[in-house]
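J.: Here it is, the structure in full.
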Amino acid sequence: MSYGGYDRQGGYNSGYQNRGGDFRGERGSDRNSGYRGGRGGFGGGRGGFGGGRGGFDGGFGGDRMNNLGSGLQKQEFDLASLPRFEKNFYQEHENVKARSDAEIQEFRNKNEMRVEGKDIPKPIENFDEAGFPDYVLSEVVAQGFPKPTSIQCQGWPMALSGRDMIGIAATGSGKTLSYCLPGIVHINAQPPLSHGDGPIVLVLAPTRELAVQIQTECSKFGRSSRIRNTCVYGGAPKGPQIRDLQRGVEICIATPGRLIDMLETGKTNLRRVTYLVLDEADRMLDMGFEPQIRKIIDQIRPDRQTLMWSATWPKEVQALARDYLQDYIQVTVGSLELAASHTIKQVVEVITEYEKRDRMLKHLEAAMNDQNSKILIFASTKRTCDEITRYLRDDGWPALAIHGDKQQQERDWVLNEFRTGRSPIMVATDVAARGIDVKGINYVINYDMPGNIEDYVHRIGRTGRAGTSGTSISFFTDANSKLGNDLIKILQEAKQEIPEPLWTYQRGSYGGGHPRYGGRGGRGGRGRGRGRGGFGGRGRGGFGGSYGSGANAY
């Protein structure tokens, strides 16, 4: 059977299968199928990738992450002696100025936009009204964007005005350009870097994938201004990153752990930072980076401009904003209540563990009828990712895996294969996939449900982006009973069909096991290993064994 140039019996006609071998794991049969055995995974030792809550950032173990920043002292700044800098560049367009308060409110209501704070600039409705210089506007026009997204319409005037701000909007809503373009304007108004200066714009991001994607946008739109940037993240050699920092870059995009490492070893400094961005702030706090974020911000002059971007607005993010943002203004696009995009068709199947494999194959058969399909499959652990990928590849499916045990070079290769469609099926963990921005993902399959409803919304948000439609398929088992109530709310809000068995898991009616399947544990027994179903291991079954903690978790 052939799918878009991929023959399940013989691989890609272009010689795809001949590229294997470079990244073999201990038990792998090709470049991306091997699970690197041993408890240490990528980083060596049990703390290799993730040992503690904060250990996601590029291979540091838990203890190492907890000690990061211990050598950094909070800086005391004398504002009177600091060089002055410009940060207000916004000039309201005549068309915007002419709009009445009633027209502005109508526009905000139409775009589900709410604002908070004093003296908030009016939203713009097209690129010309944003007031960007020609060198920025020409790059935007060259990309062929028809009009700004909702968050950009309000976020650009706020960011260009030099105010501290918070932008809350769903994943895929255009937040990156909301701060990237004003950042370029900010840089061009500052004195040039001198030898030994650190960056002017600092962007903190939770994952290396998101950091690389942000760098791509900064490179694209900063090209005409010859603005230099670098991406500083764990899991990659330090040498090239150090050389970039020492040569001087106007923009540094970084994950917190690696940046603190660079600061502690004197490879860079933050004395010139006047434009600070915290992207996906909620996720950074979820991943345990709050102590590192606070250490970093304490190295930056307090009169900087700070922009915080998030998909949700939990109490932890609010506390961080109160501590570090001054007289801030806020825009929220959509509901502050967690919600999924209405452009996504959500399909939830209440099944047992051992049914997952067959259901996944049936959905893949249907999805691959479209030769342009890109399918992202989520699994709960790195081991599960590799088991699923190996099974699919043995059956002739064009699947690759991405997770924390993969070397950065391999992760980049896998992402490129997926992005270009040469491998239209990618299996991933939450952490590995968080920052991925790949256009054209039209199916997301939750082989394993996530541990919380926030991750569910983030996962399915990989599809249905920028107004396009998409489909999510989620396998809900008795082990996911705690998610039932929240999942029903998400489905109701998006006006999606709720399968009858799912109502059993609504809080207040759940009695300890779905009657259809006889309670916890399902029917099990059809896989190899000692699991209760599927491809087992020591957990509740499925491909992956334990849902896990320690070395194999995420």
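Per my numbering, residue 19 is the first one in the sequence shown, and the count goes up by one each step. C-beta: ideal position from N, C-alpha, C; glycine also. A quick note: this is a predicted structure, and the numbers were derived from the prediction, not measured.
Measure the Cβ-Cβ separation of tyrosine 346 and arginine 181 and say whether it is below 9 Å.
T.: Contact flag set, yes.
J.: Can you check DSSP and say which residues form a bridge with isoleucine 463?
T.: Bridge partners of isoleucine 463: Ile395, Ile491.
J.: In or out: proline 164 buried (at least 16 other Cβ within 10 Å) or exposed?
T.: When all chains shown are included, proline 164 counts as exposed.
J.: When we look at the beta-carbon of alanine 337 and count the other beta-carbons within 10 Å, is it buried (16 or more) or exposed?
T.: With fewer than 16 other Cβ atoms within 10 Å, it is exposed.
J.: Work out the CA separation of isoleucine 406 and isoleucine 218 for me, nearest whole Å.
T.: Rounded to the nearest angstrom, the two C-alpha atoms are 44 Å apart.
J.: For lysine 374, is the classification buried or exposed, using 16 other Cβ atoms within 10 angstroms of its Cβ as the cut-off for buried?
T.: Counting Cβ neighbours within 10 Å, lysine 374 comes out buried, since at least 16 surround it.
J.: Below 8 Å, how does it come out for the region 207-216 and the region 142-149: are there three or more Cβ pairs, yes or no?
T.: These segments do not touch.
J.: Please report the distance separating the alpha-carbon of cysteine 403 from that of aspartate 466.
T.: Rounded to whole angstroms, cysteine 403 to aspartate 466 spans 10 Å at the Cα level.
J.: Which residues mark the beginning and the end of the beta strand (DSSP E) in which tyrosine 346 is found?
T.: It is not in any beta strand (DSSP E) - tyrosine 346 carries neither H nor E in the DSSP assignment.
J.: Confirm, please, whether the CB-CB distance from isoleucine 271 to glycine 87 is below 9 Å.
T.: Not closer than 9 Å, so no.
J.: For isoleucine 506, I'd like the list of residues in its chain whose CB is within less than 8 Å of its CB, leaving aside the five on either flank, ordered along the chain.
T.: Same-chain partners within the cutoff: Ile516, Leu520, Trp521, Tyr523, Gln524.
J.: Unbroken alpha helix (DSSP H) runs of length 4 or more, entirely within the region 125-207: which are they?
T.: Complete alpha helix (DSSP H) runs here, min 4: 152-160, 168-178, 193-206.
J.: Helix, strand or coil: which one does DSSP assign to methionine 386?
T.: Looking at methionine 386 - three-state DSSP - the assignment turns out to be coil, as it is neither helix nor strand.
J.: Would you mind reading off the limits of the beta strand (DSSP E) that contains tryptophan 327?
T.: From DSSP, the beta strand (DSSP E) with tryptophan 327 extends over 323-328.
J.: Which of the three DSSP states is assigned to asparagine 470 in this structure?
T.: Correct three-state label for asparagine 470: coil.
J.: Taking leucine 418 as part of the alpha helix (DSSP H), name the residues at either end of that continuous run.
T.: Taken as a continuous stretch (DSSP letters only), leucine 418 belongs to no alpha helix (DSSP H), being part of the beta strand (DSSP E) at 417-420.
J.: Using CA atoms only, rank isn't needed, just tell me which of Ser212, Leu277, Pro210 is closest to leucine 222.
T.: Of Ser212, Leu277, Pro210, the residue nearest in Cα terms is Leu277.
J.: Measure the alpha-carbon distance for glutamate 367 versus alanine 497 and round it to whole angstroms.
T.: Roughly 13 Å between the two C-alpha positions.
J.: DSSP state of threonine 248, grouped into three classes?
T.: Reduced to three states, the DSSP call for threonine 248 is strand.
J.: Checking the sheet assignment: what are the DSSP bridge partners for tyrosine 293?
T.: Paired residues: Val219, Gln323.
J.: Roughly how far, in whole angstroms, is the beta-carbon of serine 156 from the beta-carbon of serine 242, given that I think they are within contact range, below 8 Å?
T.: Contact holds; Cβ gap of about 7 Å.
J.: Quick one: using the 10 Å Cβ neighbour count with 16 as the cut-off for buried, is aspartate 473 buried or exposed?
T.: Per the 10 Å Cβ criterion, buried.
J.: Please name the residue or residues paired with lysine 363 in a DSSP beta bridge.
T.: Partner(s): Thr489.
J.: Could you give the first and the last residue of the continuous alpha helix (DSSP H) run that contains alanine 116?
T.: 112-116 is the extent of the alpha helix (DSSP H) around alanine 116.
J.: Can you tell me the Cα-Cα spacing of alanine 512 and glycine 439, whole angstroms?
T.: Computed Cα separation, rounded: 29 Å.
J.: Is the CB-CB distance between asparagine 113 and glutamate 143 below 9 Å?
T.: Cβ distance < 9 Å, so asparagine 113 and glutamate 143 count as in contact.
J.: Just curious, the alpha helix (DSSP H) that methionine 444 is in, first and last residue?
T.: Methionine 444 -> not in any alpha helix (DSSP H); beta strand (DSSP E) instead, spanning 443-446.
J.: Would you check if the distance between the CB atom of asparagine 470 and the CB atom of threonine 486 is smaller than 9 Å?
T.: The answer is no: Cβ separation not under 9 Å.
J.: Using 10 angstroms around the beta-carbon of lysine 392, count the other beta-carbons present and answer buried if the total reaches 16, otherwise exposed.
T.: By the 10 Å Cβ count, lysine 392 comes out buried.
J.: Touch check for the region 90-108 and the region 279-296: three-plus C-beta pairs under 8 Å?
T.: The answer is yes - the region 279-296 touches the region 90-108, with three or more Cβ pairs under 8 Å.
J.: Tell me whether valine 267 sits in a helix, a strand or coil according to DSSP, three-state version.
T.: Coil, per DSSP.
J.: Per DSSP, which one or two residues make a beta bridge with alanine 272?
T.: According to DSSP, which records beta bridges pairwise, alanine 272 is partnered with Leu222, Val250.
J.: Can you tell me which of Gln123, Ala329, Gln426, Phe436 puts its alpha carbon nearest to the alpha carbon of alanine 417?
T.: Here the closest residue by C-alpha is Phe436.
J.: Take glutamine 348 and list the residues in its own chain whose beta-carbon comes closer than 8 Å to its own, dropping the five residues that flank it on each side.
T.: Excluding positions up to five away in sequence, the list reads Val133, Glu134, Gly135, Met183, Ile184, Gly185, Ile186.
J.: Could you have a look at valine 456 and say whether DSSP puts it in helix, strand or coil?
T.: Coil, per DSSP.
J.: By the 10 Å Cβ neighbour count, where 16 or more other Cβ atoms means buried, how is glycine 201 classified, buried or exposed?
T.: Buried, since its Cβ has 16 or more Cβ neighbours within 10 Å.
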